[in-house]
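Residue numbers (our numbering): 323 to 421.
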């Protein structure tokens with residue numbers, strides 16, 4: 323990352339290198355969405371990934387989407403029962419969870 327000054331404002335820039343097929347996919351997304359800037363297209367792809375990524379439930383191991391799971395500390399759970407069983411199995415004090 324480099325620090326640059328653009329129109330009297332501080333900004334940061336970086337260079338990203340992509341294999342040819344990834345570059346083509348990004349260009350397809352730019353055409354579909356009507357985006358003219360590579361950085362905006364990359365931002366959209368990254369945000370989509372984080373919204374739709376999948377994690378495993380800490381107790382049962384079921385694969386669930388992050389938006390459908392709830393998080394307690396660093397652990398993801400698919401439902402309150404898994405959380406209660408997890409707490410019971412490791413002998414921790416129960417924390418009230420609201421979904």
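C-beta: ideal position from N, C-alpha, C; glycine also.
Counting the other CB atoms within 10 Å of its CB gives residue 400 a total of 16 or more, which places it among the buried residues. Among the bridge pairs identified by DSSP, residue 378 is matched with 385. As computed with DSSP, residue 393 is found in a beta bridge with 398. A straight-line Cα-Cα distance of about 42 Å links residue 386 and residue 331.
Of the candidates 396, 374, 349, 404, the residue whose Cα lies closest to the Cα of residue 364 is 349. With a 10 Å radius around the Cβ and a threshold of 16 neighbouring Cβ atoms, residue 405 comes out buried. Residues of the same chain with their beta carbon placed closer than 8 Å to that of residue 403 are lacking, with the five preceding and five following residues left out of the count. Taking residue 382 as the centre and dropping the five residues before and after it, the same chain places the C-beta of 404 closer than 6 Å to its C-beta, in chain order.
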